[in-house]
Every structure is written in C-alpha cells, then in structure tokens.
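Here the protein sequences come in this chain order: U and D.
Last residue of the first sequence? That's 497 in this note's numbering, and every number before it is there in order.
Last residue of the second sequence? That's 497 in this note's numbering, and every number before it is there in order.
No residue lacks a Cβ here, since even glycine has one placed at the ideal position from N, Cα and C.
A quick write-up on the structure given underneath.
There are 2 protein chains.
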Amino acid sequence: MKDKFSGIISSDAEKINKILEDHALLRCGDSPKDRATAAEVYALSAGGKRIRPVLAVEFYRLFSGEKEPPEYVYEAACALEITHTFSLIHDDMPEMDDDDMRRGKPSTHVAFGCAEALLAGDGLAILPYELLSDIALRGDISPDTAVRLINILSQNAGNSGMIAGQMLDLWSEERTDIGEEFLTEMSFLKTGCMLIASCLFGAVMAGATPEQEQSAAIYAKNVGLGFQIIDDVLDVTADPTTLGKPVKSDIGRHKPTFADIYGTDGARQKAEALSEAAAHELEKYPGSELLREFALSLASRNK
Amino acid sequence: MKDKFSGIISSDAEKINKILEDHALLRCGDSPKDRATAAEVYALSAGGKRIRPVLAVEFYRLFSGEKEPPEYVYEAACALEITHTFSLIHDDMPEMDDDDMRRGKPSTHVAFGCAEALLAGDGLAILPYELLSDIALRGDISPDTAVRLINILSQNAGNSGMIAGQMLDLWSEERTDIGEEFLTEMSFLKTGCMLIASCLFGAVMAGATPEQEQSAAIYAKNVGLGFQIIDDVLDVTADPTTLGKPVKSDIGRHKPTFADIYGTDGARQKAEALSEAAAHELEKYPGSELLREFALSLASRNK
Chain U
195 MKDKFSGIIS SDAEKINKIL EDHALLRCGD SPKDRATAAE VYALSAGGKR
245 IRPVLAVEFY RLFSGEKEPP EYVYEAACAL EITHTFSLIH DDMPEMDDDD
295 MRRGKPSTHV AFGCAEALLA GDGLAILPYE LLSDIALRGD ISPDTAVRLI
345 NILSQNAGNS GMIAGQMLDL WSEERTDIGE EFLTEMSFLK TGCMLIASCL
395 FGAVMAGATP EQEQSAAIYA KNVGLGFQII DDVLDVTADP TTLGKPVKSD
445 IGRHKPTFAD IYGTDGARQK AEALSEAAAH ELEKYPGSEL LREFALSLAS
495 RNK
Chain D
195 MKDKFSGIIS SDAEKINKIL EDHALLRCGD SPKDRATAAE VYALSAGGKR
245 IRPVLAVEFY RLFSGEKEPP EYVYEAACAL EITHTFSLIH DDMPEMDDDD
295 MRRGKPSTHV AFGCAEALLA GDGLAILPYE LLSDIALRGD ISPDTAVRLI
345 NILSQNAGNS GMIAGQMLDL WSEERTDIGE EFLTEMSFLK TGCMLIASCL
395 FGAVMAGATP EQEQSAAIYA KNVGLGFQII DDVLDVTADP TTLGKPVKSD
445 IGRHKPTFAD IYGTDGARQK AEALSEAAAH ELEKYPGSEL LREFALSLAS
495 RNK
C-alpha cells in the first residue's frame with residue numbers, strides 16, 4: 195500500500211520536473227541577458243522532493259475526484275516550486291544563511307556569482323505570476339481561479355507569510371532566549387504558509403467547498419510544523435551525504451531550533467503527533483489515503 | 195499650459211504617495227517579523243518622480259476620457275512603483291551597483307542591513323501581485339483585467355524584461371567593447387519594458403482598443419530610451435545635491451554609457467528626438483496634450 199502511494203508521488207514529482215525542464219518560460223539562449231535564467235534553471239533542476247507541487251496535485255485529485263489531473267494543474271503547481279526555489283537561492287546567499295551547498299550541488303551564488311543569484315532569485319520570485327496569468331490567458335483556468343491562486347500565493351509567500359518568517363529566522367540568529375512559541379510562529383510563517391498555499395492551490399483548482407479548503411489549510415499547517423521540526427532534527431542527526439548539505443549549520447550559528455527545545459526524540463514525537471493530526475483532518479474525505487500516508491511519512495523521513 | 199500639466203502630474207504623484215503611505219498591505223507593527231516591511235516602507239517613501247504610476251494614471255485618463263480616475267486606478271498603478279522600488283533596493287546592494295545613497299538618503303541596505311534589504315526587495319517583488327489580485331477580489335476590476343495587468347507586469351519585470359536588462363547591465367561592467375546596439379537593448383529591457391507595462395496598465399484599465407494599446411507601447415518605448423539616455427547624461431553632468439546620489443558612479447566602474455557613445459550634447463539631442471517621436475505617436479488622440487508635454491519634459495530634465 196505504501197509502495198503504491200510512493201509510486202504515485204514519484205510520478206507526480208517526475209511530471210513536475212519535466213514541466214520545469216521543458217517550460218517555454220524557462221528556456222534560455224546563451225546570450226549574456228539569459229544568464230539569470232540559466233541560474234534559475236540550475237537552481238530548479240537541483241532536484242528536491244517537490245513537496246509543494248505534489249501536495250497541490252494530490253489535493254486536486256482528492257477534491258476533484260479525477261485520477262489523472264490535466265496538464266495545467268501540474269503547470270500551475272510549478273508556481274509553488276518556483277517560489278520555494280527563489281527563497282532557497284536568496285536564503286543561501288552570504289548575507290543570509292551563507293550556505294555553499296544545496297541538494298548536493300554548489301549553491302546558485304557559488305556556481306553563478308552573488309549578483310547573478312540575486313537576479314535569478316528575483317526572476318523566480320516574479321515568474322509564478324507570469325505562469326499563472328498565462329494559463330488563464332490561454333483559457334485553461336478561469337480568470338477567477340487565476341486571481342484566487344495568485345492571491346493565495348502572493349499572500350503566503352510575501353510580507354505576511356514566508357518573507358516575515360525569513361525575517362524572524364534572521365533575527366533569531368545569535369539569540370538564545372527564544373522559546374517554543376517563537377519557533378512555532380517562525381515555522382508557521384517560513385514553511386507553513388507556503389504549504390497552506392500548496393494545498394489550497396489543488397483545492398481551488400478542483401472547485402473545493404469552503405469547508406474542504408479549510409481542511410486543506412489545517413492539514414497543511416500541521417504538516418508544515420511537523421516538517422520544520424524534522425528538518426531541525428535532521429540538521430543535528432543526519433548523514434551529510436544523505437542530506438546533501440553540511441549538517442549542524444544552524445547550531446554552528448547559534449540559532450535555537452526545535453531539536454534544542456524538545457530534544458531529538460521529543461521533537462520526533464511532536465512531529466508524529468502533528469502528522470497524525472493532519473491525517474485525522476482528512477479522514478472524512480474518501481480517497482484521502484495517499485495524503486494521510488504522505489503526512490505520516492514526512493514525520494519519519496531521514497532526508 | 196506647462197504649469198497646468200505639471201500641476202496635474204504633481205497631484206497624481208501626491209495621490210500615489212498617499213496610497214503607498216496608507217495602504218493596509220504596507221502597514222507594519224514593530225515586531226521583528228515586520229522588519230522587512232519596515233525596510234520596504236522606508237524604500238517606498240524615499241520619494242522619486244513616481245513616473246511609472248503617473249504614466250498609468252494618465253493613460254487611463256486619455257483612453258477612458260474620465261477626468262477623475264477612480265481610486266483603484268491609482269492603487270493598481272502603485273504596483274508599478276512597488277516593482278520599480280524592489281529593483282532599486284536590490285540594485286543598490288554591494289553585489290550589484292554598491293550604491294550607498296539613493297534619492298538623498300542612505301540606501302535600504304545601508305539603513306537596514308544587507309539581509310534585510312534582500313528580504314525587503316523580495317517582499318516588494320511579490321507585493322504587486324497581492325495588491326492587484328486583492329483589487330479584483332473585492333470587485334473593483336474584473337478578474338480578466340487583473341489577469342492581464344498581472345501578465346503585463348510579470349512579463350515586463352521578469353526574465354524577458356527588467357531582470358534580463360539588469361543582467362546585461364551587470365555583464366557590461368568592466369567591458370569597453372560595448373556599442374550603441376547593446377546599450378539600446380539593455381536600456382529597452384532594463385527601463386523600457388517597465389515603462390511599457392506602466393502605459394499599458396492605464397490603457398488596459400481604461401478598456402483601450404488594441405490600436406490604442408499599441409500606441410501606448412510605442413510611446414513608452416521611446417520615452418524609456420530617452421529617459422535612460424538622460425539618466426546617463428545626468429550621471430556625468432549633474433550636481434550631486436540635485437541628483438540625490440553620487441554622480442559618475444557608472445564611469446567610476448567603467449560601464450560604457452550613452453553619454454560616452456553620443457557625447458553629452460549628442461545624447462541630449464537623441465533623447466529629444468525620442469521624446470518627439472513619443473509625443474507624435476499620441477497626436478491622433480484628443481486630450482493627449484499632457485502626455486505629449488510629459489514626454490518632452492523628460493528629455494529636458496536635470497534630475
């Protein structure tokens with residue numbers, strides 16, 4: 195059963211990867227003006243779990259009842275991965291986390307230079323809105339749906355979502371007086387909001403009811419916090435080869451993490467409880483087995 | 195006559211400033227998570243000519259025939275100024291132009307720190323899409339219009355517009371083999387595209403015909419190139435107090451400019467010819483006097 199689900203998720207992720215590779219908006223020549231796009235393609239093709247677009251596709255499946263979502267659903271879902279990738283590029287830069295490696299490859303600013311990485315991040319911050327409005331202009335989604343998707347993404351990625359979370363993360367450096375409440379808010383803003391956007395993307399494209407949208411958001415909020423807790427645990431415990439980046443990078447810079455507050459075992463238990471709450475929220479919907487399994491698997495991941 | 199026009203433009207710009215100051219999306223508390231927004235407000239309130247939103251409002255006036263554009267037109271026009279400001283914040287950073295002063299005040303990264311400026315730029319890169327989709331969700335513009343505005347802005351700001359232009363600008367540093375054709379393309383991408391977006395914003399909101407939209411784009415393209423040429427001239431000749439930033443900053447870093455290629459007098463003549471071409475394009479539209487005058491005044495500006 196678990197293998198069947200992971201097969202579907204891998205096949206979703208493969209389809210996402212193919213769209214990111216082939217998309218006209220991401221094709222570039224080799225003239226100097228294309229160098230930012232080349233850096234964007236580099237960052238997007240570094241792999242990763244593609245959790246955000248996969249969640250969008252799966253929530254579309256759940257609430258539409260369609261087994262084979264149309265191509266545009268995957269394409270719109272890529273807007274989430276593109277936004278996530280822009281934040282990773284800027285996050286890795288020297289003025290932020292100063293990480294030289296990402297997913298087993300040199301970070302974008304190491305491979306292309308800092309100015310190029312800055313511009314590549316900017317390009318990817320804007321691209322989702324071109325992508326989503328293009329899908330609407332060619333008639334695959336209604337303008338109403340496009341406006342909602344754009345509103346959901348920009349709200350959760352921007353000043354009251356991911357950007358605010360990154361600001362808190364930055365501020366928390368070198369502080370030791372930070373507790374559970376602060377970390378929970380930071381994680382909600384930095385990771386949770388974009389997961390909420392991801393689950394809502396699928397729900398909105400499927401024409402979900404307000405109650406279904408609310409369930410998608412509750413699921414995402416719990417999964418998001420659990421996901422961040424496990425990230426903190428892996429940063430202390432994981433094999434760097436498995437993780438694809440140096441471990442303990444947060445501890446090295448004295449940032450308090452969930453692993454400090456709960457201990458690694460306590461943190462894993464906390465993440466499991468959150469995954470169970472996420473899974474529980476979807477029990478009332480027939481066909482939600484995969485998303486429930488997915489939530490539980492995120493809490494036991496080792497990379 | 196000229197005074198009457200500059201009065202209207204000042205009053206447009208004042209209204210833009212008021213919206214930028216008062217807008218709910220730009221209000222922030224004093225908690226650490228609001229620090230990126232605080233840096234954004236700082237950058238947005240540094241003044242400037244507000245040329246992009248003013249162009250949007252004036253093209254709305256021209257093609258709608260309404261003397262008093264509704265509030266939402268000004269609000270949507272702010273999306274252009276916000277995008278412009280995001281690019282200025284990132285442009286001033288050490289890895290880009292490394293400019294410590296902007297509009298007579300310390301640049302955002304000097305006032306707030308580099309990481310904060312990076313995040314503030316990111317926040318402002320995303321904000322226009324939240325703003326525009328909000329205006330549609332509350333019913334002031336149709337979802338169709340919102341999708342078109344979002345497509346126009348993202349296309350002209352992103353990889354095939356402003357970002358590509360900034361990439362060319364970066365690449366041109368330390369090069370001396372750069373000629374008129376390269377500088378013209380760079381200027382088109384870096385400045386022209388956002389001016390095209392600005393003029394189209396007003397046209398689209400006014401329900402302009404395709405022919406009117408084309409005139410708006412031709413006007414913008416000519417004004418944009420003329421504007422950049424004058425910028426280059428002012429960078430060599432202007433009084434730094436008038437300009438609000440150190441002069442000759444481009445020459446100091448060996449970037450070739452239009453002033454090098456045409457000479458300062460030749461460059462001023464070229465800019466005048468472009469302004470005249472822009473003005474000429476609008477002659478067929480009754481009520482276009484202000485926009486024609488505006489194009490001509492940009493070529494003779496001294497700041």
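Please list the partners that residue i has in chain D, where partner means a Cβ-to-Cβ separation under 7 Å.
i             : result
residue 308/U : 289
residue 231/U : 353
residue 328/U : 345
residue 227/U : 358, 361, 362 and 383
Could you tell me whether the Cβ of residue i comes closer than 8 Å to any Cβ of chain U?
i             : result
residue 445/D : For residue 445/D, the predicted model reports a pLDDT of 49, less than 50, meaning its position is unreliable; a value from the coordinates is still stated below. Not closer than 8 Å to any Cβ of chain U, the Cβ of residue 445/D fails to qualify, so no.
residue 317/D : yes
residue 375/D : no
With a cut-off of 8 Å, does the C-beta of residue i fall near any C-beta of chain D?
i             : result
residue 360/U : yes
residue 278/U : no
residue 324/U : yes
residue 331/U : yes
Going by Cα to Cα distance, which pick from the options is closest to residue i?
i             : options                       : result
residue 373/D : 455/D, 324/D and 299/D        : 455/D
residue 417/D : 327/D, 324/D and 476/D        : 476/D
residue 197/D : 494/D, 487/D, 268/D and 458/D : 487/D
residue 399/U : 212/U, 254/U, 452/U and 236/U : 254/U
residue 225/U : 249/D, 359/D and 261/D        : 359/D
residue 491/D : 472/D, 480/D, 481/D and 479/D : 472/D
residue 278/D : 291/D, 385/D, 377/D and 261/D : 385/D
residue 329/D : 209/D, 217/D and 463/D        : 217/D
residue 427/U : 403/U, 245/U, 370/U and 462/U : 462/U
residue 301/U : 233/U, 403/U, 371/U and 449/U : 233/U
residue 480/D : 316/D, 474/D, 489/D and 256/D : 256/D
residue 252/D : 220/D, 348/D and 200/D        : 200/D
residue 261/U : 495/U, 497/U, 494/U and 482/U : 482/U
residue 227/D : 355/U, 401/U, 457/U and 431/U : 355/U
residue 331/D : 332/U, 348/U and 342/U        : 342/U
residue 474/D : 415/D, 457/D and 429/D        : 415/D
residue 349/U : 316/U, 369/U, 391/U and 378/U : 391/U
Using a C-beta to C-beta distance shorter than 9 Å, which residues of chain U count as neighbours of residue i?
i             : result
residue 321/D : 348, 352 and 353
residue 340/D : 327, 337, 340, 341 and 344
Is residue i near residue j, with beta carbons less than 8 Å apart?
i             : j             : result
residue 423/D : residue 465/D : yes
residue 287/D : residue 308/D : yes
residue 380/U : residue 363/U : yes
residue 357/U : residue 351/D : no
residue 280/D : residue 319/D : yes
residue 420/U : residue 484/U : no
residue 297/D : residue 259/D : no
residue 213/U : residue 268/U : yes
residue 344/U : residue 323/U : yes
residue 407/U : residue 394/U : yes
residue 248/D : residue 311/D : no
residue 276/U : residue 238/U : yes
residue 305/D : residue 326/D : no
residue 285/D : residue 291/D : yes
residue 337/D : residue 337/U : yes
residue 266/U : residue 334/U : yes
residue 235/D : residue 219/D : no
residue 497/D : residue 432/D : yes
Cβ closer than 7 Å: which chain U residues qualify as neighbours of residue i?
i             : result
residue 284/D : 312 and 316
For residue i, write down the residues that DSSP places opposite it in a beta bridge.
i             : result
residue 299/D : 296/D
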